[in-house]
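Structure, as structure tokens:
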Amino acid sequence: MALAEVNFFSQTLMRTVPFYAILPCDKTGFDGKREENTPFKTLYLLHGIFGNYTDWITGTRILRWATDYGLAVIMPSGDNRFYTYNKANGEDYAAFIEELVYVTRDMFRLSHDRKDTFVGGLSMGGYGAITNGLRYPHLFSRIIGLSSALHFPTMLETMEDMPETPDCYPFGRTFLSTIFGDVKNLKESDKNPVVQAKRLADSGHPLPVFYLSCGVDDELYSVNEAFVKTLQDLGYDVVWKPGPGAHEWDFWDRAIENVIRTWLPLENRESLGSGNIGPDRTGD
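Residue numbers (numbering that gives the first Met the number 0): 0 to 283.
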């Protein structure tokens, strides 16, 4: 398994941006032979607020699970911008996600098939995965949202009543308006995943399938549970996996393991490595 740090010039953000890539390009069997050069199924994995492209590597065992299942994982930086767009300031992190798919497909041996391309994230990244998975259904067949920050479209309706004090950063009026723009029509805009889900369901286009999970002690639990109900009512295929835990890495580590091991269409293929020096012969 190769771990690559890449910096490239993003045309959508007009600057150089980094990402980590986990690539199963050196997967070697116990017979010493490399696996055949087939395109990799790929997960675009988004971090949460205050984090960056290193978070998933340092906070979870994603490298181990990706290695076991031959999954390519692309992890960009979202810069606290919720992977959305704001025409007023010219930032378009939504278009960046689309750009990232095409750029990485040019760089690496990734599958170009929708059925092999997935997007996921936690908290802010969960919102980003859901909103961009629904925005680009031609790219992503599966969407993973862990403890997703789905409360902003409705919370911002009361923005005028929110304090603008240092202790509420980064959730004060000024900061949030720089991300989401004019909040007056936000609830009915395509920055609201509920609106996006309804529009896509009515469009006749193929629908992505969802894996949503949240800790029962997480403040975001109720809004995630409500979103699951909305998706189900609209006819989406949804796996809902609540579990013990709060807004924390222990929960997300367990969740992403379960996603890769049980939900993504992957096959566990043993291979040679520092954590696996030979086939299990305990039963011989």
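Backbone N, C-alpha and C fix where the C-beta goes; we use that ideal spot for every residue, glycine too.
Select from Ser176, Val118, Leu133, Ser9 the residue whose C-alpha is nearest the C-alpha of Asn85. For the purposes of this step, residue 85 is taken as the residue at position 86 of the sequence shown. Here the closest residue by C-alpha is Ser176.
Own chain partners of Ser188 with C-beta closer than 7 Å, once the 5 adjacent residues on each side are dropped: Taking the sequence shown and counting its residues from 1, the one referred to as residue 188 is at position 189. Answer for Ser188: Val194, listed in chain order.
Of all the options Thr59, Ala20, Lys240, His111, which has the alpha carbon lying nearest to the alpha carbon of Glu329? The structure shown has nothing for residue 329, since the chain only spans 0 to 283.
If you run the structure through DSSP and keep just helix, strand and coil, what is Asn6? Along the sequence shown, one-based indexing puts residue 6 at 7. Three-state DSSP puts Asn6 in a strand.
Trp248, enclosing alpha helix (DSSP H) - first and last residue: One-based indexing of the sequence shown puts residue 248 at position 249. Here the alpha helix (DSSP H) through Trp248 covers 248–257.
Let me know the secondary structure DSSP gives Pro165 once reduced to three states. As a first step, residue 165 must be located in the sequence shown, where it is residue number 166. In this prediction, Pro165 has a pLDDT of 47, which is less than 50 and means its spatial position is unreliable; what the coordinates show is noted afterwards. It is helical.
Given 8 Å, three or more beta-carbon pairs between the stretch 62–75 and the stretch 126–144: no
Spell out the partners DSSP gives Gly144 in its beta bridges. Counting from 1 along the sequence shown, the entry for residue 144 is found at position 145. Gly120, Leu211, per the DSSP bridge assignment.
Flag this pair as yes or no: are the beta carbons of Phe179 and Lys190 separated by less than 8 Å? Position 180 of the sequence shown, counted from the start, is the residue given in the question as residue 179. Position 191 of the sequence shown, counted from the start, is the residue given in the question as residue 190. Yes. Within cutoff.
Identify the continuous beta strand (DSSP E) that holds Phe18 and give its terminal residues. Residue mapping note: residue 18 aligns to position 19 of the sequence shown, counting from 1. Start and end: 14–22.
Boundaries (first-last residue) of the beta strand (DSSP E) holding Lys240: By 1-based counting over the sequence shown, the position of residue 240 is 241. From DSSP, the beta strand (DSSP E) with Lys240 extends over 237–242.
Contact check, Pro38 vs Leu99, beta carbons under 8 Å: Here residue 38 is taken as the residue at index 39 of the sequence shown, counted from 1. Here residue 99 is taken as the residue at index 100 of the sequence shown, counted from 1. No, they are not a contact pair.
Can you name, in chain order, every residue of its own chain whose Cβ lies under 7 Å from the Cβ of Ser293, other than the five neighbours on each side? Residue 293 is absent from the model: the chain starts at 0 and stops at 283.
Going along the chain, which residues of its own chain have a beta-carbon closer than 6 Å to the beta-carbon of Gly244, five neighbours each way excluded? Within the sequence shown, numbered from 1, the residue matching residue 244 stands at position 245. Same-chain partners within the cutoff: Gly214, Phe250.
Within the chosen definition, does the stretch 120–138 reach the stretch 42–50 through at least 3 CB pairs nearer than 8 Å? yes
Neighbourhood of Ala87 by C-beta distance below 7 Å, restricted to the same chain and skipping five residues each side: Within the sequence shown, numbered from 1, the residue matching residue 87 stands at position 88. Contacts found: Gly180.
With respect to the alpha helix (DSSP H) encompassing Ala94, which residues constitute its N-terminal and C-terminal limits? Counting from 1 along the sequence shown, the entry for residue 94 is found at position 95. Per DSSP, Ala94 belongs to the alpha helix (DSSP H) from 92–106.
Would you give the residue range spanned by the alpha helix (DSSP H) that Ile354 belongs to? In this structure the chain extends from 0 to 283, so residue 354 is not present and cannot be described.
Helix, strand or coil for Ile129? Go by DSSP, reduced to three states. Within the sequence shown, numbered from 1, the residue matching residue 129 stands at position 130. It is helical.
Secondary structure of Asn51, DSSP reduced to three states: The count along the sequence shown starts at 1 and reaches residue 51 at position 52. Asn51: coil per DSSP, three-state reduction.
Close-in-space but distant-in-sequence residues of the same chain around Trp239 (CB under 8 Å, 5 per side omitted): Position 240 of the sequence shown, counted from the first residue, corresponds to residue 239. For Trp239, where only same-chain residues beyond five positions count, the Cβ hits under 8 Å are Leu211, Ser212, Glu224, Val227.
Are the beta-carbon atoms belonging to Pro264 and Pro207 less than 8 Å from one another? Here residue 264 refers to the residue found at position 265 of the sequence shown. Here residue 207 refers to the residue found at position 208 of the sequence shown. It is not a contact, given that the beta carbons lie outside the stated cut-off.
Alpha helix (DSSP H) containing Tyr68: first to last residue? If you number the sequence shown from 1, residue 68 lands on position 69. Looking at the DSSP string, the run of the alpha helix (DSSP H) that includes Tyr68 is 61–68.
Can you tell me whether DSSP reads Leu185 as helix, strand or coil? Counted from its first residue, the sequence shown places residue 185 at position 186. Correct three-state label for Leu185: helix.
Can you tell me the Cα-Cα spacing of Phe117 and Thr11, whole angstroms? Numbered from its first residue, the sequence shown carries residue 117 at position 118. Numbered from its first residue, the sequence shown carries residue 11 at position 12. The alpha-carbon atoms of Phe117 and Thr11 are separated by roughly 21 Å.
Coil, strand or helix - Asn223 by DSSP: For the purposes of this step, residue 223 is identified with residue 224 of the sequence shown, where counting begins at 1. Of the three classes helix, strand and coil, the one that applies to Asn223 here is helix, per DSSP.
Measuring straight from C-alpha to C-alpha, what distance separates Asp91 and Thr83? In the sequence shown, the residue the question calls residue 91 occupies position 92. In the sequence shown, the residue the question calls residue 83 occupies position 84. Going by the C-alpha atoms only, they are around 6 Å apart.
Since I believe Trp55 is in contact with Glu256 (beta carbons under 8 Å), could you give me their beta-carbon distance rounded to a whole number of angstroms? As a position in the sequence shown, residue 256 is number 257, starting the count at 1. As a position in the sequence shown, residue 55 is number 56, starting the count at 1. About 12 Å separates the two Cβ atoms, so there is no contact after all.
Span of the beta strand (DSSP E), counted from its first residue to its last, around Pro205: Position 206 of the sequence shown, counting from 1, holds the residue named residue 205. No beta strand (DSSP E) holds Pro205; DSSP gives it neither H nor E.
Looking at the structure shown, is Phe139 part of a helix, part of a strand, or coil, going by DSSP? Counting from 1 along the sequence shown, the entry for residue 139 is found at position 140. Phe139: coil per DSSP, three-state reduction.
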